[in-house]
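What follows is a single structure, written as structure tokens, with notes after it.
There are 2 protein chains.
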Amino acid sequence: MSELGADPTRLYVRYAVAGDVAAVAEAIRVEQTIEFPADLAPEWIQQEVVGRVESQDEDGVVISFAPGVYAGGLGQVLNVLWGNVSLFEGVRVVQVQLPAAEHLGLRGPRFGGAGMRELLGAPSRPLLATALKPMGSSSDELAATAAVLAEAGIDLIKDDHSLGDQPWSTWRERVARCTETVREANERAGTAARYLPSLNVPAHEVFERAHEAKELGAGGLLVLPGISGFDTMRALADDDDLGLPIMSHPSMLGSHVVNPAQGLDHGILLGLVNRLAGADMAVFPNAGGRFGFSVEQCAQIRDECAAERAGLASALPTPGGGMTLERVPEILDLFGQDVVLLIGGALHRGDLRANATALREAVETH
Amino acid sequence: MSELGADPTRLYVRYAVAGDVAAVAEAIRVEQTIEFPADLAPEWIQQEVVGRVESQDEDGVVISFAPGVYAGGLGQVLNVLWGNVSLFEGVRVVQVQLPAAEHLGLRGPRFGGAGMRELLGAPSRPLLATALKPMGSSSDELAATAAVLAEAGIDLIKDDHSLGDQPWSTWRERVARCTETVREANERAGTAARYLPSLNVPAHEVFERAHEAKELGAGGLLVLPGISGFDTMRALADDDDLGLPIMSHPSMLGSHVVNPAQGLDHGILLGLVNRLAGADMAVFPNAGGRFGFSVEQCAQIRDECAAERAGLASALPTPGGGMTLERVPEILDLFGQDVVLLIGGALHRGDLRANATALREAVETH
């Protein structure tokens, strides 16, 4: 993709616009900065603070923002990128050029693809993930399932994202039981599986629960940025005392991407923004599963998970949402080896242990 | 609106569906609960945990969810309402029937409309709000503006939502200066204005900054649930040591509402969900301003801010986004007296003090 601009201090965004491009461009550059009649602002603010139209054509506009405007952290970066513009119809973020790392001031993924491979002792093969389900199962049942999956060689065993504090399996009980059985299974089988509880917990307890999960032996965290906020995920990733890998789940995020003429491109939100927010792994529904993402949209996420962006580590694309064992070769053809295959319910059709073992063999030999 | 169901323990949701209603209904009831092949789940889970199709017609489906499923707080309520369904095209939440208060377990707005009137000593007239802007101004400049607005009788003086920790006005400096000048202005003029700083701050500091703002004398908080998460707003509203009114700003939330066939209805997200999350005031762009909301959509938000819902206090609709003094009568015709008029940049065209005074007089005499 071509560069949007040459100033390493500025954030450049290309907005696709359906409608009167010049009018919308003028609205965006003001709306995302001073939210004030531009003619009433002091001249220097009009020049230095209001967004700058860098180029414009019939499809949209490139606007750039000064470092002072996006200063203060990821929340404000998102505000600038999409905050009030989200209220416009017919505007979509289709390309983002980040400022240089020292101006951006975000650490990004703690582990990234290379770090995850190192943690899991898997230098080259695709990584494997699955989810503990179905809701309604007891903590003991989920923990027993986790043990089977760990022994069979599944690398990452996460809670279903919706598991929180339901009566059938409360959060603390589940995290304690699953960490225990996964640890024992690893010892028995010589595997290195990690259990990732869902941080689907009250907002005022997110950080406390994350640390509690770590103390109990969790090997990572499943975070729902569409519910908890992207900057909450960023703060968890940045926490040196925590130091756990982060898997990002797309709950509630669909509205931002699935409407073709409005929102943010799939790769921007689920690839780039996830990386800005410290996700080591970005879950999204793969093409041909239970949801309607296309192959092209998935490829865009794949590319934005890996592209060189302001020195940020990569995130591993983690396609899921109705994947099956039979589709593994096709998924690897699309994503290559740097992928986490997230296969959930399908492992339970027939014998769980045999299916999980077959999945591990499939990626060893691909 | 007609009732969706009779069981006070269940959460009922009507989803409008463009496409094969029966297939999408089946997908939703599974997707929002067990995310697992329904036929592989134990029979009791199929009956008790999976969502139940209550009724179905050519426009959509009503699905209900058991109390165990939505248990654990607002995050999980949102997960059930919209989590994975957000990834479908052509599905929109158009009606919600909450369970009874004792099952819902959410306190809602601390003050609500009546409480805000009591706080502000304004038993019947429309309330007035404005924003400190433009970005680029110094803390001293913003604080001086705040003083003028407070003396002129504006009730609620909030930071522009995008003000965070920009170099021109850092957060602590601005909050300290604005609380000081608003307090002094109230003493001079006998007014009761409240300054609401924007909690556009890093996620791991949100609660600490909220308390710091209160200690400095802030009279409320501007929260961005689309950035910080709805449950973060809920936790701030629920904090008895804080006890501050909450104004909700729609930054990033537009994607959930502006696409006609996908998302959540305007009233559901910006009225009902804001109330579930403790907002005393719900900011949204009024019809005919800088954004494209229609009169009908605004009326829906108005109605959902006030409707009887599981014993929740009301929220005050706070239409803004390019409002002017000339439009006050028309806005009051649409919203009635139980409204916060949010007029920002327009007050700065001509003499700020004269405009703010005229606005206060207009609502006194309407």
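Which chain is which? The protein sequence lines are A and B, in order.
Under this note's numbering, think of the first position of the first sequence as 960, with each following residue one higher.
Under this note's numbering, think of the first position of the second sequence as 960, with each following residue one higher.
For each residue, glycine too, the CB sits at the ideal point set by N, CA and C.
Exposed is the label assigned to ASP1018(A), since fewer than 16 other Cβ atoms lie within 10 Å of its Cβ. Residue-level contact check: SER1210(B) touches chain A, since one or more beta carbons of chain A fall below 8 Å from its beta carbon.
The beta carbon of VAL1050(A) lies closer than 6 Å to those of TYR974, VAL976 and VAL1044 in the same chain, with the five residues before and after it left out. The residue from GLN1054(A), LEU1175(A) and SER1157(A) with its alpha-carbon nearest to that of ILE1260(A) is GLN1054(A).
For SER1023(B), same chain residues with a beta-carbon under 6 Å away, outside a window of 5 residues either side, are GLY964, ARG969, TYR971, ARG1011 and GLU1013 in chain order. Nearest in C-alpha terms to VAL1107(B), of all of CYS1264(B), ALA1269(B), THR1277(B) and ARG1153(B), is ARG1153(B).
Excluding residues up to 5 positions away in sequence, nothing lies with its Cβ nearer than 6 Å to the Cβ of ASP1310(A) in the same chain.
DSSP, reduced to helix, strand and coil, places ASP1239(A) outside both helices and strands of the structure shown, so it counts as coil. LYS1173(A) sits in a helix when the DSSP states are folded into three classes. In this structure the stretch 1000-1007 of chain A lies against the stretch 1090-1099 of chain B, because at least three pairs of beta carbons, one per stretch, are closer than 8 Å. Bounds of any alpha helix (DSSP H) do not take in VAL1021(B); it lies within the beta strand (DSSP E) bounded by 1019-1024. For GLY1222(A) against PRO1204(A), the beta-carbon gap comes to about 28 Å, at or over 8 Å, which does not count as contact. With fewer than 16 other CB atoms across the displayed protein chains lying within 10 angstroms of its CB, VAL1254(A) is exposed. A residue is called buried once 16 or more other Cβ atoms fall within 10 Å of its Cβ, and PRO1082(B), having fewer, is exposed.
Taking a C-beta cut-off of 7 Å against chain A, the contacting residues of the stretch 1211-1228 of chain B are MET1211, LEU1212, GLY1213, SER1214, HIS1215, VAL1217, ASN1218, GLN1221 and GLY1222, listed in chain order. The beta-carbon distance between LEU1183(B) and ASN1218(B), rounded to whole angstroms, is 21 Å. This is too long to meet the 8 Å contact definition. Around the beta carbon of GLN1035(A), 16 or more other beta carbons sit within 10 angstroms, so the residue counts as buried. For PHE1250(A), the residues of chain B that pass the 7 Å Cβ criterion are LEU1046 and PHE1047, in the order they occur in the chain. Ranked by how close their Cα comes to the Cα of ASP1297(A), the residues CYS1264(A), HIS1120(A) and SER1157(A) have CYS1264(A) in first place.
Three or more beta-carbon pairs drawn from the stretch 1186-1201 of chain A and the stretch 1061-1074 of chain A are found closer than 8 Å, and the two stretches are therefore classed as touching. Taken in chain order, the whole alpha helix (DSSP H) runs of length 4 or more contained in the stretch 1208-1267 of chain B are 1254-1265. When Cβ-Cβ separations below 8 Å define contact, THR1089(B) makes no contact with chain A. The DSSP-derived three-state label of LEU1311(A) is helix. A straight line joining the alpha-carbon of VAL1232(B) with that of ALA1313(A) spans about 44 Å. Annotation for GLU1048(B): no beta strand (DSSP E) segment contains it, and DSSP assigns it neither H nor E. Around the beta carbon of GLY1031(B), 16 or more other beta carbons sit within 10 angstroms, so the residue counts as buried. Each of THR1138(B), CYS1137(B) and TRP1130(B) was checked against the Cα of VAL1165(B), and the nearest Cα belongs to TRP1130(B).
Under the 10 Å beta carbon count, SER961(B) is surrounded by fewer than 16 other beta carbons and is classified as exposed. Considering only beta carbons, the part of the stretch 986-1000 of chain A lying closer than 8 Å to chain B consists of ALA986, GLU990, GLN991, THR992, ILE993, GLU994, PHE995, PRO996, LEU999 and ALA1000, in chain order. GLY1295(A) is the residue among ALA1220(A), GLY1295(A) and ALA1272(A) whose C-alpha sits nearest the C-alpha of CYS1257(A). By the 16-neighbour rule on beta-carbons within 10 angstroms, ALA1220(B) is exposed. The beta-carbon separation of ASN1038(A) and ILE1186(B), rounded to 6 Å, stays under the 8 Å limit for a contact. The C-beta distance from ALA1073(B) to ALA1269(B) rounds to 17 Å, too long to meet the 8 Å contact threshold.
Within 10 angstroms of the beta-carbon of ASP979(B) lie fewer than 16 other beta-carbons, which makes it exposed.
Annotation note: the stretch 1098-1136 of chain B contains the following uninterrupted beta strand (DSSP E) runs of length 3 or greater, listed N- to C-terminal: 1115-1118.
Only buried fits GLN991(A), as 16 or more other CB atoms lie within 10 angstroms of its CB.
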